[in-house]
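**Q** The structure follows.
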Amino acid sequence: MSTKFSWEFSPTDGNEDYGEELNSALPPLGRRLLSQRGISGREQAQKFINPRLADLGDPFSLREMDTAVERIFRAVDNGESVCIYGDYDVDGVSSVTLLYTILRAYDLDVHYFIPVRTKEGYGLSEEGIRHAIETCGRKPELMLCVDCGTSSVDEVAALRDMGIDVIILDHHESGAQGRPPALAVVNAKLEADSPLTYLCSAGVVFKLAHALLKRRRLPDFDLRRYLDLVAVATVADIVPLVQENRLLTRYGLQVMERGGNTGLQALLHIAGLHDRLSATQVSFRVGPRINAAGRMDSPMVALDLLLEQDAEEAARRARQLDNLNHLRQDTEEQIRNEALEMLPLTHSPDCRVIVLGSRAWHPGVVGIVASMLMRRFNKPAFVISLDENGVGKGSGRSVPGISLVQALHRCADTIVSGGGHEMAAGLVIMEDQIDAFRERFDAFARSCTPAEPSLPTLHVDAEVRFEELTLDLLDSYELLEPFGNANPQPVFMSRGVMPSSPPQHLRGNHLRLNLRQGICERYAMYFGGGEVKLPDPPWDIAFTIDRNIWNGRASLSISIQDIRPAQ
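Structure below.
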């Protein structure tokens, strides 16, 4: 039996002919991986392997973009005061940075505000709006809401009644009340047939910047220089890496490699990332450090870093974020252990969901713990931090087939408020309603997935032997990057593998394995492998590969995803 997953080989469409030029550049394995991603024909393959910024679509194809651009230029022409109101995660902070930069380039009087999670909570709120206006020094004529606002109907109406025009630049789902009464809502999720629903908020802001520059060119402003901000937001927000998202991320990673944003460069240095960058590295080693500010302290620490121009000051701020990230990791581990102890005491064995809450839990890390519980038990999970008054703020993560947005709508009478995406959402709930919410949420999950939940599926792309794991294989495989949501990193498998020595346990419950297949030996890392019971060898192993560079020398690294008895 597998330790974590049910294995399934990914099918191909049978078309692996991409023309003479590409066929000679790609080995059969590379062509098979392209086919598994639904890429057919030479032209489609060329666009996937060598995307060009010239292929970006017209930013005015986003509905209400024209209205947003017209209103911003009216603010420019009239010398109005503008306030940017953002969110405290990577996408929000990156979006605010990019939007502030482009608006300042047009000599606008721009201020910015990001709510503190433990004070004003997520998104637009009465308290957040009051603090934002205080930060501006006076009531602005225009407020730009970034990575929030789509479901804030009452709050936007209150701003309108105060005489403040509102433009929303967002990618979240709308709430039960529908479109907020903003002057413009630039959000593809509110359009019936938009092809751009995959954009994160930084992608939407990039589109706005592109639209502004198309209407009024700034000779000294090169929008391509800021693609690193779009890339880090796109990979950290786990939006689909398809079409323009994939293009923007690929070029954004190249900007990061060459220099780019001073604050991001300081973070890359402190994370030990040099030379060639991957989306996975940015997602796991840069994104959490930026997020740590909003989780553990004030998101302004991260925003100040991304706006910083001085390298020495950026290095100091990056160290501050790194310290906050270490604090986040310690806090997360404590809550995770307490949640695992609490689970059998509060949930029946056949419960299809996980809903846990405590007054001792920090609200900044409940989403991370919810994600861990979801992956470990293959069930949708909400983890809730309760204050001294019994008001809970929780984050949820889901599994395919169970929409958290629909669940929150179905359980609306048991919560104060909630919203987000199908796979990730937040809620506010009273402590005495947690049991009722769990019961209703469980009933909803059963209606979506009548069968008893089983092991999650691991899609295996191809079988390879150890001797095939070469740098030449990496060269062709890396043409498919960047990897992420909707363009997953290929998973390979090798059969009949034996451990050459006992597993070496490392800090963080990870395993270092020395493996042998025939006469060929390879080292591999099994992150989190210390938490699972390994079967008796020989093994079949499922793994991903990456390029590792140490002291200027490149090698191929193996990351174990799962182990099962050899079949």
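If you're matching positions, the sequence shown starts at 751 in the numbering used here and goes up one per residue.
The C-beta atom is built at its ideal place from N, Cα and C for all residues, glycine as well.
(1) Once you ignore the five residues that flank T1081 on each side, which residues in its own chain have a CB closer than 8 Å to its CB?
(2) Apply the 10 Å Cβ neighbour rule to Y1273 and answer buried if 16 or more other Cβ atoms are within range, or exposed otherwise.
(3) Kindly provide the ranges of any alpha helix (DSSP H) runs that are 4 or more residues long and lie completely inside the region 774-858, ordered along the chain.
(4) Let me check understanding here. Comparing Cα to Cα, which of E877, S1098, M1122 and Q1059 lies closest to E1088?
(5) On the CB-based measure, 16 or more other CB atoms within 10 Å of its CB, does A1110 come out buried or exposed?
(6) Please report the straight-line C-alpha distance between N1301 and T1164, rounded to a whole angstrom.
(7) Skipping 5 residues on each side, what residues in its chain have a beta carbon closer than 7 Å to that of A961?
(8) Got a sec, what are the start and stop residues for the alpha helix (DSSP H) A1157 sits in?
(9) Give me, in chain order, the residues of the same chain whose beta-carbon lies closer than 6 Å to that of A1016; leave out the 5 immediate sequence neighbours on both sides.
(10) Since I1104 contacts F1127 with CB under 8 Å, what's their CB separation in whole angstroms?
(11) Can you give me the C-alpha to C-alpha distance between R1245 and S790, rounded to a whole angstrom?
(12) Is the CB-CB distance between V1036 and L1014 below 9 Å?
(13) Which runs of the beta strand (DSSP E) spanning at least 3 residues fall entirely within the region 1130-1199, listed in chain order?
(14) Go through its chain and collect everything with a Cβ distance to M751's Cβ below 8 Å, but skip five positions before and after it.
(15) Entirely within the region 878-922 and at least 3 residues each: give me those beta strand (DSSP E) ranges in chain order.
(16) Return the residue from the list F1277, L933 and G1168 that minimises the CA-CA distance to G1144.
(17) Using only the alpha-carbon positions, how far apart do D915 and S902 sit?
(18) In its own chain, which residues sit with a C-beta less than 8 Å from the C-beta of V992, not counting the 5 before and 5 after it?
(19) Are the C-beta of D1100 and some C-beta of chain C separated by less than 9 Å?
(20) In the DSSP assignment, the beta strand (DSSP E) including P1249 goes from what residue to what residue?
(21) In the DSSP assignment, find the unbroken alpha helix (DSSP H) run with A932 in it and report its ends.
(22) Looking only at its own chain, which residues have a Cβ that is under 6 Å from the Cβ of Y862, when we skip the five neighbours before and after it?
(23) How about L940 and I917: are their beta carbons less than 9 Å apart?
(24) Which parts of the region 931-970 are runs of the beta strand (DSSP E), unbroken and 3 residues or longer, counting only runs that do not cross its ends?
(25) In three-state DSSP terms, what is M751?
(26) Check this for me: beta carbons of P1206 and R1125, under 9 Å apart or not?
(27) Could you give the C-beta distance for S1108 and L1136, rounded to a whole number, given that I count them as a contact under 8 Å?
(28) What separation, rounded to the nearest whole angstrom, lies between the Cα atoms of D857 and L1306?
(29) How many Å lie between G1140 and T868 at the Cα?
(30) Short check: CB of N1041 to CB of D839, under 9 Å?
(31) To the nearest angstrom, report how far apart L1154 and L1177 are at their CA atoms.
(32) Have a look at V866 and P761 and give me their C-alpha separation to the nearest angstrom.
(33) Could you check whether P1253 and Y1276 sit closer than 9 Å to each other, using their CB atoms as the reference points?
(34) Grouping DSSP H, G and I as helix and E and B as strand, with all else coil, what is L1057?
**A** Considering the structure as presented:
(1) By one-based count along the sequence shown, residue 1081 stands at place 331. Within the same chain, T1081 has close Cβ partners M1046, H1112, G1114 and V1115.
(2) Within the sequence shown, the letter at position 523 stands for residue 1273. Looking at its Cβ environment, which holds fewer than 16 other Cβ atoms inside 10 Å, Y1273 is exposed.
(3) 778-786, 792-799, 815-828 and 840-855
(4) As a working mapping, residue 1088 is identified with position 338 in the sequence shown. Taking only the C-alpha atoms, the option nearest E1088 is M1122.
(5) Along the sequence shown, one-based indexing puts residue 1110 at 360. With fewer than 16 other Cβ atoms within 10 Å, it is exposed.
(6) Your numbering for residue 1301 matches position 551 in the sequence shown. Your numbering for residue 1164 matches position 414 in the sequence shown. If I take the Cα positions, the gap works out to 57 Å.
(7) Residue numbering aside, residue 961 sits at position 211 when the sequence shown is read from its first letter. Counting only Cβ-Cβ distances below 7 Å, and skipping sequence neighbours, we find P809, F810, M815 and V819.
(8) Mapped onto the sequence shown, residue 1157 falls at position 407. Unbroken alpha helix (DSSP H) run through A1157: L1154 to R1160.
(9) Within the sequence shown, residue 1016 is the residue found at index 266, counting from 1. Once the five neighbours on either side are set aside, the close Cβ partners of A1016 are A1064, A1065 and A1068.
(10) One-based indexing of the sequence shown puts residue 1104 at position 354. One-based indexing of the sequence shown puts residue 1127 at position 377. Between F1127 and I1104 the Cβ distance is about 6 Å, and since that is below 8 Å, they are a contact.
(11) Residue 1245 sits at position 495 when you count from the first residue of the sequence shown. Residue 790 sits at position 40 when you count from the first residue of the sequence shown. For R1245 and S790, the distance between alpha carbons rounds to 30 Å.
(12) Position 286 of the sequence shown, counted from the first residue, corresponds to residue 1036. Position 264 of the sequence shown, counted from the first residue, corresponds to residue 1014. Going by C-beta atoms, V1036 is nearer than 9 Å to L1014.
(13) 1131-1136, 1141-1147, 1167-1170 and 1174-1180
(14) For the purposes of this step, residue 751 is taken as the residue at position 1 of the sequence shown. Because M751 sits at a pLDDT of 48, beneath the cut-off of 50, its placement in the model cannot be relied upon, and the point is left open.
(15) 892-896 and 915-919
(16) Residue numbering aside, residue 1144 sits at position 394 when the sequence shown is read from its first letter. Per the Cα distances, G1168.
(17) Here residue 915 corresponds to residue number 165 of the sequence shown, with the count starting at 1. Here residue 902 corresponds to residue number 152 of the sequence shown, with the count starting at 1. Using only the alpha carbons, I get a separation of about 14 Å.
(18) Position 242 of the sequence shown holds residue 992. Excluding sequence neighbours, V992 sits near Y948, A1236 and N1237.
(19) Absent from the structure is chain C; it holds one protein chain and no more.
(20) Position 499 of the sequence shown, counting from 1, holds the residue named residue 1249. Unbroken beta strand (DSSP E) run through P1249: F1242 to P1249.
(21) As a working note, residue 932 is residue 182 in the sequence shown. It is not in any alpha helix (DSSP H) - A932 carries neither H nor E in the DSSP assignment.
(22) Within the sequence shown, residue 862 is the residue found at index 112, counting from 1. Cβ neighbours of Y862 beyond the five flanking positions: I834, V846 and Y850.
(23) Residue mapping note: residue 940 aligns to position 190 of the sequence shown, counting from 1. Residue mapping note: residue 917 aligns to position 167 of the sequence shown, counting from 1. No, the Cβ-Cβ distance between L940 and I917 is not below 9 Å.
(24) 934-936
(25) In the sequence shown, residue 751 corresponds to position 1, counting from 1. Note that M751 has pLDDT 48, beneath the 50 cutoff, so the model's placement of it is unreliable and no number is given.
(26) Residue numbering aside, residue 1206 sits at position 456 when the sequence shown is read from its first letter. Residue numbering aside, residue 1125 sits at position 375 when the sequence shown is read from its first letter. It is a contact, given that the beta carbons lie within the stated cut-off.
(27) In the sequence shown, counting from the first residue as 1, residue 1108 sits at position 358. In the sequence shown, counting from the first residue as 1, residue 1136 sits at position 386. With a Cβ gap of about 6 Å, S1108 and L1136 count as contacting.
(28) For the purposes of this step, residue 857 is taken as the residue at position 107 of the sequence shown. For the purposes of this step, residue 1306 is taken as the residue at position 556 of the sequence shown. Those two C-alpha atoms are separated by around 49 Å.
(29) Position 390 of the sequence shown, counted from the first residue, corresponds to residue 1140. Position 118 of the sequence shown, counted from the first residue, corresponds to residue 868. Straight-line Cα distance between these residues: approximately 14 Å.
(30) Walking along the sequence shown from the start, residue 1041 turns up at place 291. Walking along the sequence shown from the start, residue 839 turns up at place 89. Yes, these two residues count as a Cβ contact at 9 Å.
(31) Translated into the one-based positions of the sequence shown, residue 1154 becomes position 404. Translated into the one-based positions of the sequence shown, residue 1177 becomes position 427. Distance between the alpha carbons of L1154 and L1177: 10 Å.
(32) Counting from one through the sequence shown, the residue named residue 866 turns up at place 116. Counting from one through the sequence shown, the residue named residue 761 turns up at place 11. If you take the alpha carbons of V866 and P761, they lie about 46 Å apart.
(33) Here residue 1276 corresponds to residue number 526 of the sequence shown, with the count starting at 1. Here residue 1253 corresponds to residue number 503 of the sequence shown, with the count starting at 1. In contact: Y1276 and P1253 (Cβ atoms closer than 9 Å).
(34) The residue given as residue 1057 occupies position 307 in the sequence shown. If DSSP states are grouped into helix, strand and coil, L1057 belongs with the helices.
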